[in-house]
Amino acid sequence: MSLFLIVALPFFGALLPGLMNSAGRQACAGITFTVSLAAFIGLLTNLPAVLAGDLVTARVDWIPSLGMNFTLMLDGLGFFFALLILGIGLLIIAYARSYLSRDDNMGEFFTYLLLFQGAMVGIVLSDNILLLLVFWELTSLSSFLLIGYWKHLPEGRQGARMALTVTGMGGLAMIGGMLILGQIAGSYDLSVILQNRELIQADPLYVPALLLILLGCFTKSAQFPFHFWLPHAMAAPTPVSAYLHSATMVKAGIFLMARMWPVLSGTPEWFVIVTTAGLVTMVLGAIIALFKHDLKALLAFSTVSHLGLITMLLGTGTAFGAMAAMFHILNHATFKAALFMSAGIVDHEAHTRDIRRLGGLRHLMPITFVIATLAALSMAGIPLLNGFLSKEMMLEEATHTVLFGAPWLVPALATFGSLFSAAYCFRLIGHTFLGPVRDDYPAKPHDPGAGMWLPPAILVVLVVMIGVAPFLAEPFVKIVTASVLGDTAEVPKAYFKIWHGLVPALFMSVIAVVGGLLMLAIFNPALRLWETTPRPEAKTIFEALIAAIVALSQRFIHGLHNGAFTRYGAIMAVTVIIAGFYAWSTGTVGAASREMQPVTPVAFAGWVMLVAATIGMVFLHRNRLMSLILIGIAGLMVSVGFVYFSAPDLAMTQITVEVVTIILLLLALNFLPNQTPIESTAMRRTRDTAIALAGGLAAMGMAWHFLVRDAIATPISEFHLANSYKGGGGTNVVNVILVDFRGFDTYGEIIVLGIAALLIYALTETLLSGPVRARLLNRKPDQPRAGDMHPTMMVVLTRVIMPVVLMVGFYIFLRGHNEPGGGFIAGLVVSIAVVMQYMASGFSWASARLRYPYHGVIGAGVLIAGLTGIGSWFVSKPFLTSDFTYVRIPPFEKFELATAALFDLGVFLAVVGAVMLSLESFSRLARRAHVPDTEHPMDIDPSRDDPPMTPAQEGV
5 MSLFLIVALP
15 FFGALLPGLM
25 NSAGRQACAG
35 ITFTVSLAAF
45 IGLLTNLPAV
55 LAGDLVTARV
65 DWIPSLGMNF
75 TLMLDGLGFF
85 FALLILGIGL
95 LIIAYARSYL
105 SRDDNMGEFF
115 TYLLLFQGAM
125 VGIVLSDNIL
135 LLLVFWELTS
145 LSSFLLIGYW
155 KHLPEGRQGA
165 RMALTVTGMG
175 GLAMIGGMLI
185 LGQIAGSYDL
195 SVILQNRELI
205 QADPLYVPAL
215 LLILLGCFTK
225 SAQFPFHFWL
235 PHAMAAPTPV
245 SAYLHSATMV
255 KAGIFLMARM
265 WPVLSGTPEW
275 FVIVTTAGLV
285 TMVLGAIIAL
295 FKHDLKALLA
305 FSTVSHLGLI
315 TMLLGTGTAF
325 GAMAAMFHIL
335 NHATFKAALF
345 MSAGIVDHEA
355 HTRDIRRLGG
365 LRHLMPITFV
375 IATLAALSMA
385 GIPLLNGFLS
395 KEMMLEEATH
405 TVLFGAPWLV
415 PALATFGSLF
425 SAAYCFRLIG
435 HTFLGPVRDD
445 YPAKPHDPGA
455 GMWLPPAILV
465 VLVVMIGVAP
475 FLAEPFVKIV
485 TASVLGDTAE
495 VPKAYFKIWH
505 GLVPALFMSV
515 IAVVGGLLML
525 AIFNPALRLW
535 ETTPRPEAKT
545 IFEALIAAIV
555 ALSQRFIHGL
565 HNGAFTRYGA
575 IMAVTVIIAG
585 FYAWSTGTVG
595 AASREMQPVT
605 PVAFAGWVML
615 VAATIGMVFL
625 HRNRLMSLIL
635 IGIAGLMVSV
645 GFVYFSAPDL
655 AMTQITVEVV
665 TIILLLLALN
675 FLPNQTPIES
685 TAMRRTRDTA
695 IALAGGLAAM
705 GMAWHFLVRD
715 AIATPISEFH
725 LANSYKGGGG
735 TNVVNVILVD
745 FRGFDTYGEI
755 IVLGIAALLI
765 YALTETLLSG
775 PVRARLLNRK
785 PDQPRAGDMH
795 PTMMVVLTRV
805 IMPVVLMVGF
815 YIFLRGHNEP
825 GGGFIAGLVV
835 SIAVVMQYMA
845 SGFSWASARL
855 RYPYHGVIGA
865 GVLIAGLTGI
875 GSWFVSKPFL
885 TSDFTYVRIP
895 PFEKFELATA
905 ALFDLGVFLA
915 VVGAVMLSLE
925 SFSRLARRAH
935 VPDTEHPMDI
945 DPSRDDPPMT
955 PAQEGV
C-alpha cells in the first residue's frame, strides 16, 4: 500500500465515527477499528521490503523552491513505530468500546483518536522535517482534545491545557532547531540530512540546533524538568492514557531522538545533556511513582521513569545503547499498555483507583489479576518476562558509561532507579490484588467481559513470549537498530539471551529486586517521611510561572495596547524613525546622479495648496467639517499630481475614491459633534508634534534621496512594461498589473473590501436592534434642517445624469485593459451615480427600486473573480492566469476577448456592492422617528401625503 494512503486513512476515517454515531456504539467503534485495521494491513504490505533493508519512499513536490515537499519514507525505525501506533491502536479501540459509558459521545472520541493516530503515523513516516513539524503540532492539538475529552472534569481541562502549553512551547523551539539543521545540510529532507553528520557537527550552529531540538523532544517525552505534564494527562479516559503512555505521544520525542541519532549523537554536548536528563528523569520518576496512591498516577510516573531510561540509553551514543533503547521501547509498549488497561478495568469495576481502598482483588478479579501481575513483574525486571531482558541490557550499558568523570555514577543511579521501579511494581501488585478481600469497596469488583480484558491479555502474551524466547524479537530489533545507527556504526553482535552469566548487570538487577522488596516492607514509614519532607511541586511551580507570565504580559499589553490610537501611532512612528536613522547612519549613501527638474508655476501652485491644506488640518482639525473639506482638498491635489506626472489611472481612481469617501464620511459626521474635544495635554501635543516633524523630515529625506539617485536595481516596472501586452493582452500596464500580474492581490483586496462593508452592515444591525436605537431615532438636530428634503433641481439632475454616468462607467470598464479605466474605477463611478440617487430622492424611494441586495452583489463579484481564477486550472495553469484572443464579428472590427475582463467584472461588482452596502447602512442610521421619508421622487406637493378627504369634506 502507498505510504500516502497509510498516512491519509486515519484522517479520512476521522470523518466517519461522527456520522456513524447515531447508528450505535458498535457501528461507531466498528468503523474506527476498520479504518485502523486497513492502515495496519497497508503497513504490513511493506514488511518484506523493510526486512530486506530497503527504503520505501513516496514523494510529491509542493513548493520545491522552499524545500517544502510532501515526502514520506519507511525504514525499520519508521515501520517499528508505525506498527506500535496502529497495532496497539487497534487494541485500544476494542478496549474503548467496552470501557466508555453510554453517556460518552463515542463519535467524538473516536474522531479525536483517529486524528491523533494519523498525526503520529505522519511523524514516524515523514521524510521532510517541515512536514514532520506539521504532524508534530497536530499531535499536540489532537492530544489536547483527547486529554480534555471529559470536559465536565476540571482536572481534565487543566491537564489538557498543561499538555498543550508544555508540548506546544517545545514544538516552537524544535521548529527553530529543525530549520537551522535544514539550512546547515542544505535540504529539509531527512534522508539528505542524515547523510551529513560531519557537516552538521562541525557547524557552529550545531549546539543551538541541538538544544532547540532536544527541548522539543524533552517536552514531548516528559523529560526532567518537563516531566510534570504527563501525570496530569491521566485525567483523560483510560484508553487515551494507555495509548499516550505506551505507543504514541510520549514516544514521539523518543522517536525523534532516535531518528536524529546518526547526525546529533556522538558529541560531548549530546552525551552530557541527553544522558543526564534521562538519568535524572528515570530516578525522579521512579521515586515519585512509589508514593502515589492513584493507580494511574503511579503508572504515569512509571512511564516518566522508563522514558528517562530510554533517553539515557540513547544519550550514551553507543550502538549497544541504541539497540537496548529500541528493545525497551518494544517491551515498554506491551507491558505499559496492558497495565493501564488493567488499571482502567479496576476503576471501571471497583469505581476507584485509590490503592488505599483496594486489596484482595485477586479473589474477585482473577483474570485481571493475572494480566496486571505479569505486566507489572515485567516492568519490575523479573526473569522470563520481556522487561527483564531490556533492563539487563540497560544495566550492562550503564556499567560502561562514564559521566562527569565518575565511572560509578551511572551504574549507581541506574541501580537506584531500578530499585524504586521494582518497589512500585511490587506495591501495585501487593496493595491492589493481594491481601484479604475487603467489605468496603465503592462497588463490588468482578472481572469484566472479554471486550475489556482480551486486549491487555494479547499484550501480556507478547510479554511472556518475548521474555521466554527473546530470539523471536532479536532479528526485528536489530533491523530497527540498523535504521537508527545508519552509516555511523555497526549493529552489535550481542545475542538476546536470558542468561549471560555472572556479569555485573545481573548483580545490579538482584540488588534492585531485593531492594524493591525491602522498600515495600518499610513502605509505611517511608511514606510518612515522604509526606513530611518539604519538596517543590512541579505543578505549583508551573502554575506560578504561568501566572507570572500572564501578569507580566497584561502589564506590558495594557501599557501599549490601551485603545489610544495616538499611542499606537507614536510607538510605530518612533520605532520606524529610530530604525531608519540607524540604517541611514550605518549605511553608505552614494552621490546624487539626477538633476532636479525645473519647478513650473502649476507645480508650485499645487504644492502650495497641498501644503496649505495639510497645515490647515493641523490647526483646524478640531472642526470636523472643516477637516473633511481640507482632506478633500489634499486628495484633489494628489489627483492633480497624478495627472501632472502622467498617471491618469491613478488620478481617476483617486478622484472617484475621494468623492465616495467624502460622501460616506459626511454621513458618518451626521452622528458626531461638530467639534472634537481637547483630550490631550499640552505636553503630549508637544511630544506628538516633535514625533510628527521628525517623521515628516525623515520621509522627505528618504524621498529626496531616491528621487535624485538612480535605482540600485532594475525596476520591476520594466518587466511590466515589456510583458503587459504579450503576457496579459493589454496596453494599460496598470490595469494588467491589477487583473493579471498581481491578480491574487486584487482578489484579496475585494474580499477585504466586501468584509469591511459587511461589518459595517453588521454593526448597523447591532445598533438598530439594541438600546442605541431609541437614541438614534429620537435625536434632534443641533441646527435647523432645510424644509425641502429632496430639492427638485437635484432630483431632476440626478435623473438626467444617471443613464449618462452608467454609460460612462460601462465605457470605462470596457476600455480599461488598453486605456485608463477598468473595473475598479468603473465601479466607483457607478457607485457615485447611485449614491446621488439616494441623496436626491431619499432612502425609501431608492430602496424601493432596489432589485438585488448589495450583499448578493458583493458575493457575486467575489464569486465571478474566483471562478475566473479557477478556470485557469482546467488548462493546467496557475490560479488567475489570464488568457486572451482576438475575434472579428462582421461588420465590426477585430476586437479582443480576455478572461481578465471577467475578473474585472468581479472587481466592479464587489466595489459597487461594498460602497452601496456601506451607504445603505449609514442611511438607515440617519433615519429619525416622526420624520416621514416620502416614497415619491419629489416632495414639492405635500398634499400627496395628506390623508384622503371624506365625502362630507368634499361636499363642504
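Position 525 of the sequence shown, counted from 1, bears residue number 529 in our numbering, the numbering being contiguous throughout.
Think of the CB as a built atom: it goes at the ideal place given N, C-alpha and C, for glycine as much as any other residue.
Just so it is clear, the structure is predicted and the values come from calculations on it, not from any experiment.
Asked                                                                                                        : Found
Beta strand (DSSP E) runs contained entirely in the segment 66-140, provided each spans 3 or more residues   : 72-78
Local conformation of E494 per DSSP, three classes                                                           : coil
Residue burial classification, F228 (beta-carbon count within 10 angstroms, cutoff 16)                       : buried
Where the beta strand (DSSP E) through F899 begins and ends                                                  : 899-902
Candidates T579, R366, G321: closest to F489 by CA position                                                  : With the sequence shown as reference, residue 489 is identified as Leu, and Phe is not the correct amino acid for it. That would be G321, whose Cα lies nearest to the Cα of L489.
Three-state secondary structure (DSSP) of H934                                                               : Legend: pLDDT at H934 = 45, less than 50; position of this residue unreliable, value from coordinates given subsequently. Of the three classes helix, strand and coil, the one that applies to H934 here is coil, per DSSP.
Which of helix, strand or coil DSSP assigns to Y765                                                          : helix
Inter-stretch contact at 8 Å, needing at least 3 Cβ pairs: the segment 165-179 / the segment 121-141         : yes
Simplified DSSP state of Y247, which is helix, strand or coil                                                : helix
Best match in V743, I45, T718, S925 for proximity to Y729 [C-alpha to C-alpha]                               : V743
M286 versus A596, T242, F230, residue with shortest Cα-Cα distance                                           : F230
Sub-9 Å separation of M398 and F339 beta-carbons                                                             : no
Where G860 falls, given that 16 or more other Cβ within 10 Å makes a residue buried                          : exposed
Backbone CA spacing between Y210 and G312 [nearest angstrom]                                                 : 24 Å
Sequence-distant residues of the same chain with beta carbon closer than 8 Å to A703, five excluded per side : none
Backbone secondary structure at V960 - three-state DSSP                                                      : Because V960 carries a pLDDT of 48, less than 50, the predicted location of this residue cannot be relied on, and the following value inherits that uncertainty. DSSP places V960 in coil when its eight states are reduced to three.
Three-state secondary structure assigned by DSSP to D298                                                     : strand
Same chain only: Cβ atoms within 8 Å of G439, ignoring 5 sequence neighbours per side                        : G363, G364
Cα-Cα separation, H934 to I667                                                                               : Its pLDDT being 45, under 50, H934 is placed unreliably in this model, and the value from its coordinates should be taken loosely. Approximately 25 Å, taken between the alpha carbons.
DSSP three-state assignment for T61, whether helix, strand or coil                                           : strand
Distance, R101 Cα to L95 Cα                                                                                  : 10 Å
Exposure of D131, with buried meaning 16 or more beta-carbon neighbours within 10 Å                          : buried
Beta-carbon gap between T36 and P21 smaller than 9 Å                                                         : yes
Three CB pairs or more closer than 8 Å across the segment 878-894 and the segment 744-757                    : yes
P411 versus A402: straight-line alpha-carbon distance, rounded                                               : 9 Å
Endpoints, beta strand (DSSP E) assigned at T436                                                             : It is not in any beta strand (DSSP E) - T436 instead sits in the alpha helix (DSSP H) that spans 413-436.
Cβ of S6 within 9 Å of any chain B Cβ                                                                        : Among the chains of the structure shown, chain B does not appear; only one protein chain is present.
Spatial distance of A342 from Y99 (CA atoms)                                                                 : 11 Å
Residues near F8 in its chain [Cβ-Cβ closer than 6 Å; skip 5 each side]                                      : A62
Expected contact under 8 Å - CB spacing of A516 and G385 to nearest Å                                        : 7 Å
Check whether A830 and V738 have beta carbons under 9 Å apart                                                : no
Contacting residues, own chain, Cβ-Cβ under 7 Å from A301 (five flanking each side not counted)              : P235, M238
Presumed contact (8 Å Cβ cut-off) between M110 and L117, rounded CB distance                                 : Not quite, the Cβ-Cβ distance comes to about 10 Å (not below 8 Å), so this is no contact.
When P895, L818, S927 are compared against L909, the one with the closest alpha-carbon                       : L818
A293 versus A304: straight-line alpha-carbon distance, rounded                                               : 8 Å
Distance, G584 Cα to I92 Cα                                                                                  : 59 Å
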